[in-house]
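Only one structure is covered here, and it is reproduced in the block below.
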Amino acid sequence: MQHRIRIITWLLAACVLGINGFQAYWLCSTYRLTTAQFDRAAHDALVATVQQQLIAGVEDLKTQGFDLIVSGTNGPRVGPRRLVYASSVTVIPKDVSHQEAVSIGRHLARITIDDWRSGTHLSLPTLTHVYRRQLGQRGLDSVAVLDTFSIRPAGPPPGQSASSAGPLARFPRPTPPVLLNPKHALYVRAHLPAPTWYLWQRLGGLLGGSVLLLVLTSGCFGLVWHTMGAQRKLAEAKNDFINNMTHELKTPLTTVSAAVETLERFGLQADPAKVQTYFHIARTELRRLSDLVDKVLTIATKEQQALVLHPEPVHPAELVQAAVRRHQLHAGKPVHFELDLAPTDVVQADRLHLAGVINNLIDNAIKYSKERVTITVRSRRTAGGWQLTVQDDGVGIASGYQAAVFDRFFRVPTGNLHPVKGFGLGLYYVRQVVERHGGRIAVRSELGRGSAFTVWLPLP
């Protein structure tokens, strides 16, 4: 059984670790993919910005006025050298030949290319404004800074200036550079802040679902682990109960069998006094056997039915003194009681069950002790309640078992030895009664030095 539980536990642990590992790998892969998508979108936005501005510069040439000096048909050919922005326009005659028109178009294209290569018509603030608009269209954070640089050790061309390194410290994520000016080998790149909000928007739901799945699987594993532990403890308690029950039942049966065998061997002709003695022994053991069975049945019945209380004003000191007198007569060993009671204390409790609680605590203190025992019983009022402590100098309880001593059928494991008779029902009954009164019970014990059980009941 223990081997099967161990195998199931390891399999469950492997399943939980596998699920959590797969979730972690999937989240990391999704994070890397989303980050790459962010970088690609930021770079595409920069490329689109540069292309848009270059095209816009070419379009401006169609609408802006300029003087174009064309060579005559008979004179030497003079090609246009530059664009001169002016308010006047020289009109070309309509009867110009097709060859001359083509020549003019080629010169205009060359001038346009030279103007683009010089890069003087692109300004960094304009690029930044357009780039931020492109980022917004792609759902990215529009906060960005553009920076220009040259791959040659030449200064920037007129009208262009690189951003200072200071502001870029706030934007640690640069994009790949985009060619801005081929003539001067000038490039532009964007610097963006960490994409925290972008990643949160796209991964927040996945992360929340993964965390929820992790909590559910870990919780289920913990619940199964706890259940298996409880089942293991229950199995141990059951085996211990069966061993104790067998021992307790075997003793009276053996005694009765010996008495009956003696009567059969000697017959009714034996001494009548001895016959009566044997009959008395048989009746006593049978009564004890009946009490054992009744006790088990009573506990089983009380487990199915709620414990019914009949509260009344009770002086606990009287119940303690009565229990002390009874146990001094039947202890079977030297017992010394030290009482520190307040005779005027009154609690609202069920007299019968409260007496049962006190008797069980004192009985345990006597049974789980050495050849002689000193038992201290103290009571006092506390904030909103009344407290009773039963302390002994007996064998004590190991710390690993203290939380389970109030469980039904639980007894501290002793193997096949049964130095103390019982079924592990006394402290279970004590806890049931105390909790039904709205109180609580606690144990403080040290192995080899004794135990102290403290009962607290609320006052009306």
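This note's numbering puts the first residue of the sequence shown at 729, with every later residue one more than the last. All C-beta atoms in this analysis are idealised placements derived from N, C-alpha and C, irrespective of residue type, glycine included.
Here Tyr859 is not near Ala922, since their CB atoms are 8 angstroms or more apart. The segment 946-957 makes no contact with the segment 750-758, as fewer than three CB pairs between them are under 8 angstroms. Of the other Cβ atoms in all chains shown, 16 or more fall within 10 Å of the Cβ of Gly1178; this residue is therefore buried.
Per DSSP, the continuous beta strand (DSSP E) segment holding Val906 begins and ends at 906-909. Here the alpha carbon of Leu934 sits roughly 21 angstroms from the alpha carbon of Cys743.
DSSP places Tyr1156 in the uninterrupted alpha helix (DSSP H) bounded by 1154-1164. Phe1134 counts as buried, since no fewer than 16 other beta carbons sit within 10 angstroms of its beta carbon. Nearest C-alpha to His731 among Leu855, Leu782, Thr856, Met956: Met956.
For Leu1153, the number of other beta carbons within 10 angstroms of its own is at least 16, and it is reported as buried. In the displayed model, Gly867 falls within coil according to three-state DSSP, outside both helix and strand. Separation of the CB atoms of Thr903 and Ala770 is rounded to 5 angstroms, and the pair is thereby assigned contact status at 8 angstroms.
As summarised for the segment 1072-1116, the continuous beta strand (DSSP E) elements at least 3 residues long and confined to that stretch are 1075-1078, 1101-1110, given in chain order.
When beta bridges are read from the DSSP output, Gly1178 appears opposite Glu1174.
Residue pairing for Trp1184: DSSP places it in a beta bridge opposite Gln1115, Arg1168. A contact between stretches requires three or more CB pairs, one per stretch, nearer than 8 angstroms, and the segment 1156-1170 fails this requirement with the segment 980-990. The way I'd put it, the segment 1122-1130 doesn't touch the segment 1050-1068; fewer than three beta-carbon pairs between them come closer than 8 angstroms. Looking at Ala1093, Ile1103, Gly936, Ala1077, the one whose alpha-carbon comes closest to that of Asp1068 is Ile1103. Asn967 counts as exposed, since fewer than 16 other beta carbons sit within 10 angstroms of its beta carbon. In the displayed model, Pro1041 falls within a strand according to three-state DSSP. Between the beta-carbon of Leu874 and that of Val916 there is about 6 angstroms, and that keeps the pair under the 8 angstroms contact cut. Ranking His1081, Val1118, Asn1092, Glu1174 by CA distance to the CA of Val1161 puts His1081 first. Looking at the DSSP output, Arg1016 sits in no beta bridge, so it has no partner there.
A buried status is given to Trp1114, since no fewer than 16 other beta-carbon atoms sit within 10 Å of its beta-carbon. In terms of Cα proximity to Gln1130, the closest of Phe766, Ile1169, Tyr1006, Thr762 is Ile1169. Taking the Cα positions, Val871 is about 31 angstroms away from Ser938. Put simply, of Glu989, Gly1166, Val1003 the residue whose alpha carbon is nearest the alpha carbon of Leu1037 is Gly1166. Within the same chain, and ignoring the five residues on either side of Gln1076 in sequence, the residues whose Cβ sits closer than 8 angstroms to its Cβ are Pro1039, Glu1040, Pro1041, Val1042, Leu1187, Pro1188. Taking C-beta atoms under 8 angstroms as the contact rule, Leu1014 and Pro1044 fail to qualify, at a distance of about 36 angstroms. Per the coordinates, the alpha-carbon of Ile747 lies some 26 angstroms from the alpha-carbon of Thr924. Rounded to whole angstroms, the gap between the alpha carbons of Ala1001 and Tyr1096 is 37 angstroms. In the three-state reduction of the DSSP assignment, His1055 falls in the helix class.
Of the residues Asp1073, Arg960, Trp1184, the one whose Cα lies closest to the Cα of Phe1138 is Arg960. Burial state of Ser1173 is buried, judged by a 10 Å Cβ sphere holding 16 or more other Cβ atoms. DSSP places Phe1065 within a strand segment (E or B) once states are collapsed to three. Under the three-state reduction of DSSP output, Asp1120 falls in the strand class. The criterion of a C-beta distance shorter than 8 angstroms is not satisfied by Leu931 and Thr1182.
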